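All remarks here apply to the structure that follows.
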Amino acid sequence: MVIFGLIQPIMFVVLFSYVFGGSVNIGGTTDAGAYREFLMAGIFAQTVTFATAGAGAGIADDMHKGLIDRFRSLPMARGAVLTGRTLADLVQTTLTVVVLAIVALLVGWRIHNGLPKMVGAFALLLLLGYAFSWIGALIGLSVRTPEAATSGGLIWLFPVTFVSNAFVNTSGMTAWLRHIAEWNPFSATVQACRTLFGNPGVVHSGAWPMQHPVWASLLWSLLIIVVFRTLAVRKYRSATA
Numbered sequence: 017m018v019i020f021g022l023i024q025p026i027m028f029v030v031l032f033s034y035v036f037g038g039s040v041n042i043g044g045t046t047d048a049g050a051y052r053e054f055l056m057a058g059i060f061a062q063t064v065t066f067a068t069a070g071a072g073a074g075i076a077d078d079m080h081k082g083l084i085d086r087f088r089s090l091p092m093a094r095g096a097v098l099t100g101r102t103l104a105d106l107v108q109t110t111l112t113v114v115v116l117a118i119v120a121l122l123v124g125w126r127i128h129n130g131l132p133k134m135v136g137a138f139a140l141l142l143l144l145g146y147a148f149s150w151i152g153a154l155i156g157l158s159v160r161t162p163e164a165a166t167s168g169g170l171i172w173l174f175p176v177t178f179v180s181n182a183f184v185n186t187s188g189m190t191a192w193l194r195h196i197a198e199w200n201p202f203s204a205t206v207q208a209c210r211t212l213f214g215n216p217g218v219v220h221s222g223a224w225p226m227q228h229p230v231w232a233s234l235l236w237s238l239l240i241i242v243v244f245r246t247l248a249v250r251k252y253r254s255a256t257a
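FYI, in my numbering the residues of the sequence shown are 17 to 257.
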């Protein structure tokens, strides 16, 4: 799982960089190097959110094997099992992001705003990934098989990641679609990372999340954690294999 989790985002970096690089206008230029720097914030965010499917499948597998029933029979806090699982997924996601950053540097991505802002950007990415892992936990507890959890964990992630500013500039979208993209929690984190990394393609928009992306990213992630952790722990009390 760790190896496959590392290979997929590396493939996205290489394919998007060399297939779309040079054909997408970023900041008035179609330079492939500019697109690679624009792309990486989106790839980082996509990587941490796609870990949601693995989190859901893992919990569904534990349910299917009866492990969750065993844990519920023990004198422990109801949220302890789910918290442990989501934190374990966060550790794996962190490893994936480190490897991905090395590959990004090899294909030409650079950080221009110094170490403190870089650390802040990666912290926002990992917080978003942790928030989405609680959505995966709820999905894993709500279905009967790991296969269903994997499918259910991915089907909603594609519109979330692609109706955003991750891979293209939202200024080219129709008005209603651009409005959705600019208020997408995923877009806020991507915008925040581009701002903190000093990468090209920062969207100039009147939408509040695009004007204050760091705060928007932080608030969205915390809100998702609060809501979906509450729902997941409540589901954990009654879920059956």
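A virtual CB, placed ideally from N, CA and C, is assigned to each residue, including glycine. Here the structure is a predicted model, which is why all the values come from computation and not from measurement.
For the alpha helix (DSSP H) that contains residue i, what are its first and last residues?
| i | result |
| --- | --- |
| Ile-19 | 18-35 |
| Phe-138 | 131-158 |
| Val-115 | 96-123 |
| Thr-177 | 173-178 |
| Phe-202 | 201-213 |
| His-195 | 191-198 |
| Arg-126 | It is not in any alpha helix (DSSP H) - Arg-126 carries neither H nor E in the DSSP assignment. |
| Ser-187 | That residue, Ser-187, is in no alpha helix (DSSP H); it is neither H nor E in DSSP. |
| Pro-225 | 224-227 |
| Leu-83 | 83-88 |
Hey, out of the options, whose CA is closest to residue i's CA?
| i | options | result |
| --- | --- | --- |
| Gly-217 | Met-27, Ala-57, Val-29 | Ala-57 |
| Val-114 | Ala-61, Gly-82, Met-79 | Ala-61 |
| Leu-144 | Asn-129, Gly-156, Gln-24, Phe-244 | Phe-244 |
| Cys-209 | Gly-49, Ala-71, Ala-232, Tyr-146 | Ala-232 |
| His-195 | His-220, Gly-130, His-128, Ile-171 | His-220 |
| Ala-50 | Asn-215, Val-184, Ile-118 | Asn-215 |
Closer than 6 Å by C-beta to residue i: which residues in its own chain qualify, once you throw out the five before and the five after it? Chain order, please.
| i | result |
| --- | --- |
| Trp-133 | For the sequence presented, residue 133 should be read as Lys rather than Trp. Cβ neighbours of Lys-133 beyond the five flanking positions: Leu-212. |
| Ala-248 | Leu-98, Trp-150, Ala-153, Leu-154 |
| Val-206 | Ala-57, Gly-58, Ala-61, Asn-181, Ala-182 |
| Phe-28 | Ile-59 |
| Ala-137 | Cys-209, Leu-212, Phe-213 |
| Ala-76 | Gly-156, Val-159, Pro-162, Ala-165 |
Looking at residue i: is its Cβ nearer than 8 Å to the Cβ of residue j?
| i | j | result |
| --- | --- | --- |
| Arg-101 | Ala-153 | yes |
| Leu-173 | Phe-66 | yes |
| Thr-63 | Leu-142 | no |
| Ala-165 | Gly-156 | yes |
| Pro-162 | Ala-73 | yes |
| Ala-197 | Thr-190 | no |
| Gln-108 | Val-18 | yes |
| Ala-223 | Trp-199 | yes |
Take residue i and list the residues in its own chain whose beta-carbon comes closer than 7 Å to its own, dropping the five residues that flank it on each side.
| i | result |
| --- | --- |
| Arg-52 | Ser-33, Gly-37, Val-123, Gly-124, Trp-125 |
| Thr-112 | Gly-21, Leu-22, Pro-25, Thr-63 |
| Thr-177 | Gln-62, Thr-65, Phe-202 |
| Trp-236 | Pro-201, Ala-204 |
| Pro-229 | Ala-204, Gln-207, Ala-208, Thr-211 |
Sorted by chain position, which residues of the same chain lie with C-beta nearer than 8 Å to residue i's C-beta, five sequence neighbours on each side aside?
| i | result |
| --- | --- |
| Lys-251 | Leu-154, Leu-157, Ser-158 |
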